[in-house]
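Residue numbers (the numbering used here): 37 to 615. Contents: one structure, followed by commentary.
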């Protein structure tokens, strides 16, 4: 099938020109703009025509838009598609260090231009030295100069960046065919109809926000209400009020977002909500926790929320977005697994063990295998292994990284032919076709619904204050109240052991982590010089660090823990950044 996103949007603009596709609520409450099929088609043509004056098909353009300019981002994204230019998505810079990340993204993607709004470009003097284009200043009359490029389904549409295990971001190469096949898969899995209405608050540069909130509604011919993630996280009630007000049928987010609703929405507010329209409350991007689902069901029953609406699913940027999901009207299955066996990757069901939620099953052309990561042999049914995926939605590899592409995207089962699989790096098992996720192979953490690798966090910490030793710290997570929380263990320089300002150091570490990574820290321990566990070759032993921390075995000079406990929220972080 040679359909492209360009052809899909142009056909919709021709057949249903005045139908509203996207409505944006910048503050999470008040709509201030919409895009119909025709207006999006026209804006995309105008932006593409402008791009065609100085870029060629296959060039990369970095899209950097404020959270509150969602419709501008969407128009620019489609403008890139209409010009045959490969879009590169990134978060807006909130601080001086954010510009360094942008420069790395420009360098890695070899981007030839930055697309943004007039306002952001004017207040961002530190942008990389390549041409910039304020797409909100392009007149719609420019559309008449657009020349449709020769694009097929196999052309790259965009680069979806993800964190690498070494801390270096990698751009997943996603084609038109990848996007459309993933939308078809979600459409089938969600049992879609054209009566569905979507609400999405996740960032549009993120795979769940972009594919789920922008591409899927276009594919499915339904309206999508969008808002800024900041608006939702500052006041989570806005999410549920929008579901009630617009009779939304599909919405969701990472597990932490449901915890946030449980924590922040009062009993009085819950009583005034009607969530009966919510058919699919999807949960993905981080491990789905049974305790969260149980608590949410209990608290929001009064708001007519149905437990069977919960929809745990599994996916990642490397598979465009979605891999597996369950049945729309069924309760998510739960397995109770022996914890000791779990740590050894063995599957033994035991009452009172670890509760693990099913994340659905493979559909259509998706193939999920549980594989021994060492031998590449499929695992027996009683063994937990690495999840391998084969699907038309799997991206083409990592941009300009052939060795990592081969290792991750072109794995083969031992002695079983030439079929390629994606190695996900996640551990799990299949039970009667249902996929259960048990953990991660690598030292990756998931904090606030996002992948977090220790190396960049450690680097940030060690540059935060002159008293801290380079290459002598560890970032790891511990589970507090059923959530992953970030802990920093860091050696002091010998010259600072006798005299240091602990409050200044703790403040500098926390501020640096918040500014650069948008995470908060649960605990910081400052250690005696030479005491951090390392291998004989000098590598930090992070698992041993975690174990020592939990067992009180670290050689601690000073310690800080978050006064908010495990319940920090994004509005607190934003206040710290602004301070």
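Cβ atoms here follow ideal geometry from the backbone N, Cα and C, with glycine treated the same way. Being a predicted model, the structure only gives us computed values, none of them experimental.
Exposed or buried, which one is residue 398 when buried takes at least 16 other CB atoms within 10 Å?
-> buried
Using DSSP with H/G/I as helix, E/B as strand and the rest coil, what is residue 525?
-> strand
Contact check, residue 62 vs residue 267 under 8 Å by CB: the rounded distance?
-> 7 Å
According to the neighbour-count rule (16 or more other Cβ atoms, all chains shown, within 10 Å of its Cβ), is residue 573 buried or exposed?
-> Annotation note: pLDDT 39 at residue 573 (below 50); position unreliable, coordinate value reported separately. The residue in question, residue 573, is exposed, as its Cβ has fewer than 16 Cβ neighbours within 10 Å.
C-beta contact flag for residue 504 and residue 468 at 8 Å | no
Given residue 189 as reference, the closest of 196, 182, 181 and 211 once Cα atoms are compared = 211
Buried or exposed: which applies to residue 422, given that a residue is buried once 16 or more other Cβ atoms fall within 10 Å of its Cβ?
-> buried
Residue 163 and residue 138 look like a contact to me (Cβ under 8 Å); what is the Cβ gap, rounded to whole Å?
-> 7 Å
To the nearest angstrom, report how far apart residue 57 and residue 69 are at their CA atoms.
-> 11 Å
With residue 542 as the anchor, note down where its beta strand (DSSP E) starts and where it stops.
-> Where residue 542 is concerned, there is no enclosing beta strand (DSSP E), although the alpha helix (DSSP H) it sits in stretches over 538-553.
Segment limits, beta strand (DSSP E) that includes residue 508 = 504-516
Are there three or more Cβ pairs, one per stretch, closer than 8 Å when the stretch 218-235 is compared with the stretch 245-263?
-> yes
4-residue-minimum alpha helix (DSSP H) runs that sit fully inside the stretch 296-371, ordered along the chain = 303-307 and 326-336
Taking residue 390 as part of the beta strand (DSSP E), name the residues at either end of that continuous run.
-> 390-393
How long is the line joining the alpha carbons of residue 550 and residue 556, rounded to whole angstroms?
-> 6 Å
Identified DSSP bridge partners for residue 56 | 72
Please name the residue in 361, 43, 165 and 371 whose C-alpha comes closest to that of residue 226.
-> 361
Pick helix, strand or coil for residue 81, following the three-state DSSP scheme.
-> helix
Return the CA-CA distance between residue 309 and residue 281, expressed in angstroms with no decimal places.
-> 9 Å
Of all the options 439, 123 and 332, which has the alpha carbon lying nearest to the alpha carbon of residue 141?
-> 123
With DSSP as the reference, label residue 187 as helix, strand or coil.
-> coil
Proximal residues to residue 228 (C-beta, below 7 Å), its chain only, five neighbours per side dropped | 256
Please report how far the alpha carbon of residue 249 lies from the alpha carbon of residue 263, in whole angstroms.
-> 10 Å
Nearest neighbour of residue 173, chosen from 152, 542 and 182 [CA to CA] | 152
So, residue 176 versus residue 149, is the Cβ gap smaller than 8 Å?
-> no
Residue range of the unbroken beta strand (DSSP E) whose run includes residue 197 | 192-198
Classify residue 90 as buried or exposed, calling it buried when 16 or more other Cβ atoms lie within 10 Å of its own Cβ.
-> exposed
Where in the stretch 210-237 do unbroken runs of the alpha helix (DSSP H), each at least 4 residues long, occur, reported from the N-terminal end onward?
-> 212-225
Cβ atoms of residue 218 and residue 39: under 8 Å apart, would you say?
-> no
Over the uninterrupted alpha helix (DSSP H) stretch that includes residue 108, give me the two end residues.
-> 106-119
When the distance is taken between beta carbons, is residue 156 closer than 8 Å to residue 649?
-> There is no way to answer for residue 649, as the model of the chain reaches only from 37 to 615.
Which one of 472, 582, 535 and 570 has the shortest CA to CA distance from residue 515?
-> 582
Any 3 or more C-beta pairs closer than 8 Å across the stretch 373-383 and the stretch 332-350 = no
Taking DSSP as the reference, what is the three-state secondary structure of residue 99?
-> strand
The beta strand (DSSP E) with residue 287 in it runs from where to where?
-> 286-289
Where residue 26 and residue 548 are concerned, what is the direct C-alpha to C-alpha distance, given to the nearest angstrom?
-> Residue 26 cannot be examined here, being either before or after the span of the chain that is shown, 37 to 615.
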